[in-house]
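Accompanying notes for the structure given below.
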Amino acid sequence: MNKVLMQGNKIIGEAAIRAGCRFYAGYPITPQNEIPEYMAERLREVEGGVFIQSESEVAAIHMVIGASAAGARSMTSSSSPGISLKQEGISSLAACELPAVIVNMMRGGPGLGNISPSQGDYFQATRGGGHGDYRIIVLGPDSAQELADLTMDAFDLADRYRTPVMILADGMMGQMMEPVIFKTPKPRAYPESFIMKGAGAGKSKIIRGLILDPLDMEEHNWTLDRKYQVIARKETRHELFKADDAELILVAYGTGARIAKGAIKRLREQGLRAGLFRPITLWPFPTNELRDLAKKIENFLVFEMSTGQMVEDVRLAIQGRARIGFHGRPGGVVPTPVELTNVVMRKYDRKEGIIDHY
Amino acid sequence: MMVKTIFSGFGGQGVLMMGYSLAHGAMSAGYHVTFLPAYGAEVRGGTANCTVAVSDDEIASPIASEPNNIVVLNTPSLYAFQNRVAPGGALFLNSSIIAVESSRHDVRIFKIPSSEMAEKLGNPRTANTVMMGAFLKITGLVPPDIYLSSMATVMGSKKKSVIEINRKAFAAGHEFLKIAE
Chain D
21 MNKVLMQGNK
31 IIGEAAIRAG
41 CRFYAGYPIT
51 PQNEIPEYMA
61 ERLREVEGGV
71 FIQSESEVAA
81 IHMVIGASAA
91 GARSMTSSSS
101 PGISLKQEGI
111 SSLAACELPA
121 VIVNMMRGGP
131 GLGNISPSQG
141 DYFQATRGGG
151 HGDYRIIVLG
161 PDSAQELADL
171 TMDAFDLADR
181 YRTPVMILAD
191 GMMGQMMEPV
201 IFKTPKPRAY
211 PESFIMKGAG
221 AGKSKIIRGL
231 ILDPLDMEEH
241 NWTLDRKYQV
251 IARKETRHEL
261 FKADDAELIL
271 VAYGTGARIA
281 KGAIKRLREQ
291 GLRAGLFRPI
301 TLWPFPTNEL
311 RDLAKKIENF
321 LVFEMSTGQM
331 VEDVRLAIQG
341 RARIGFHGRP
351 GGVVPTPVEL
361 TNVVMRKYDR
371 KEGIIDHY
Chain Z
52 MMVKTIFSGF
62 GGQGVLMMGY
72 SLAHGAMSAG
82 YHVTFLPAYG
92 AEVRGGTANC
102 TVAVSDDEIA
112 SPIASEPNNI
122 VVLNTPSLYA
132 FQNRVAPGGA
142 LFLNSSIIAV
152 ESSRHDVRIF
162 KIPSSEMAEK
172 LGNPRTANTV
182 MMGAFLKITG
192 LVPPDIYLSS
202 MATVMGSKKK
212 SVIEINRKAF
222 AAGHEFLKIA
232 E
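Line by line, the protein sequences are chains D and Z.
Going by the working numbering, the first residue of the first sequence is number 21, and it counts up by one from there.
Going by the working numbering, the first residue of the second sequence is number 52, and it counts up by one from there.
This is the structure we're talking about:
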């Protein structure tokens, strides 16, 4: 296989094209502009490719709804403020059970914030984001290779469960270049019967999120919920790093997990056996896997580039079985592995365990 | 082994190209590598910079708070980055443009009149490649033949003559420090 050096945003574009994405709509925003730039060029070269720079983020996500209903593998991308604008459409995708891939290259917030890497959109992504009772699958890549692999997987998951899937990364993942090998994507398995292409002489089909009868809507909600339960049971992914002999586990995802890995190497040089639990699916969160780890490990430290969002899922998973500490750098600050090393040394005591336990 | 280098200069001096070609060369030489461009709200004529990390192990952070080397093509970049370099690290200065002295005395300083050298070779735009010749001569991060083949790859569709003059520029930079030492 051919190893190439590519920028994160372009890797997502290339992986999407290879996975068969033939429709992209988006509106520019830093730090993800290379995604629409790349898609504009590549969708011209592939058969049936359509690229639209829409008039707004709201328009882009609704174009994705249309393209998805018509059977195209569809994608849109943005960064934090733009993703907020897309929430109405993401809620509709969930309600209509339409597959789509949404990329969020997070930047500092709230509000317009700044253009630096951040992890402040975890709550929004993992709790659905828009209105109504729904969840979306959220994938948190931490390397160029995972950007490629998870983008391809995102299209398969979206089709399999007919649900929107979000790639949740940040400005650093989008801007950084790293070597990558593109795997061969699986052929698409999406039943023709789901696709709106004109009823002809047959029966008409309706895809809609407006269900006025409360009892029907309740049933629709439970149907969706049963689907989410299947996803939660079957699709959680996580990575363990140096966890076998660990006395302390750091929990981090995406860019935060890279920094944590650097810190763990330094901590081990100083004689502290630290390891990492890295959720790859942020929803469904690998709750059971983390809970199992808490059976033998008493101290956990959550690190996020936010004021503390994923830490709530960690607490829900561990349910008081272990001590949980937290270190956060919100607002677009990317701390160094050295900083995190120092923080761990300060917050963890061999005898007492995590000192500022929640 | 972990070596982090910041490349910096005016937008248009080929700063990102230096980092990109080094990253590609290091990847071809079998290293783990990251390349991170500064993507702030930059202004025309302002500074451009990028950070390259080369390691024989996984790279945690692509950011360099304490780089081993800096390669600076203009004076504002020297001021911006000289104090970040780790003690014992190296500064590579384009002495055609940078007339001031570095304030650091605990690092190795290499002055290369790369703009003048590039002009002599017939293409002032190859000053960045002259710097790369000198940089790789001292750091030995990537063997010259691997670097040159990566340089040709990342230049992609550019004319053969462009690649040829860059090869000459690289050789000139590589030779320069041998003579100077």
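C-beta atoms are modelled at their ideal positions from N, C-alpha and C, and glycine is treated no differently.
Under the DSSP assignment, D/Val200 falls in the beta strand (DSSP E) whose first and last residues are Met197 to Ile201. When Cβ-Cβ separations below 8 Å define contact, D/Arg298 makes no contact with chain Z.
The Cβ atoms of D/Pro299 and D/His258 sit closer than 8 Å to each other. Residue-level contact by beta carbon fails for D/Gly160 and chain Z, as no gap is shorter than 8 Å. Burial of D/Gly282 is indicated by the presence of at least 16 other C-beta atoms within 10 angstroms of its C-beta.
CA-CA distance, Z/Ala80 to D/Asn319, rounds to 40 Å. Counting along the chain, Z/His83 sits inside the beta strand (DSSP E) bounded by residues His83 to Pro88. Within 7 Å of the CB of D/Arg278, the CB atoms of chain Z belong to Ala111 and Ser112, in sequence order along the chain.
When DSSP assignments are scanned along the stretch 225–291 of chain D, the uninterrupted stretches of alpha helix (DSSP H) that are 4 or more residues long and fall wholly within it turn out to be 234–254 and 274–289. The C-beta of Z/Met78 comes closer than 8 Å to at least one C-beta of chain D. Judged by beta-carbon spacing, D/Ala294 lies within the 8 Å limit of D/Ala266, meaning their Cβ atoms are closer than that value. For Z/Asp196, the enclosing alpha helix (DSSP H) covers residues Pro195 to Met206. The beta-carbon of D/Pro350 is placed no less than 8 Å from the nearest beta-carbon of chain Z.
Secondary structure of Z/Leu187 (DSSP, three-state): helix. D/Met196 reaches chain Z at Thr85, Phe86, Leu87, Pro88 and Pro113, counting residues in chain order whose Cβ is nearer than 9 Å. Look at Z/Ala137: its C-beta is not under 8 Å from any C-beta on chain D.
If only uninterrupted beta strand (DSSP E) runs of at least 3 residues are considered, those enclosed by the stretch 57–136 of chain Z are 83–88, 98–106 and 120–123. Here D/Gly160 is not near D/Leu177, since their CB atoms are 8 Å or more apart.
Check the Cα spacing between Z/Ile149 and each of Z/Val158, Z/Gly65 and Z/Val123: the tightest is with Z/Val123. For D/Val78, the uninterrupted alpha helix (DSSP H) segment begins and ends at Glu77 to Ala89.
Secondary structure at D/Met216: coil, using DSSP grouped into helix, strand and coil.
For the stretch 48–66 of chain D, the beta-carbon criterion of a distance under 8 Å to any beta-carbon of chain Z is satisfied by Thr50 and Pro51. In the three-state reduction of the DSSP assignment, Z/Ser146 falls in the coil class.
Between D/Val158 and D/Gly91, the alpha-carbon positions lie close to 22 Å from each other. Rounded to whole angstroms, D/Val363 and D/Arg370 show a C-alpha spacing of 14 Å. No Cβ of chain D is located within less than 8 Å of the beta carbon of Z/Ala178.
Between Z/Ser116 and chain D, the shortest Cβ-Cβ separation is below 8 Å. The Cβ of Z/His75 sits closer than 8 Å to at least one Cβ of chain D. By the criterion of a C-beta distance shorter than 7 Å, Z/Phe132 is surrounded in its chain by Ile57, Ser59, Ile121 and Val123, once the five residues flanking it on both sides are discounted.
Here the stretch 56–74 of chain D does not lie against the stretch 186–206 of chain D, with fewer than 3 beta-carbon pairs under 8 Å apart. Segment contact: the stretch 78–93 of chain D against the stretch 45–52 of chain D, three or more CB-CB distances shorter than 8 Å; contact assigned. About 5 Å separates the beta carbon of Z/Asn100 from that of Z/Ala89, a gap short enough to meet the 8 Å contact definition.
Across the structure, D/Gly222 and D/Leu118 are spaced so that their CA atoms are roughly 22 Å apart. Cβ proximity to chain Z below 8 Å picks out Glu198 and Pro199 from the stretch 198–216 of chain D.
Neighbours of D/Gly291 in chain Z, taken as residues whose beta carbon is under 7 Å from its own, are absent, since the nearest beta carbon is some 19 Å off.
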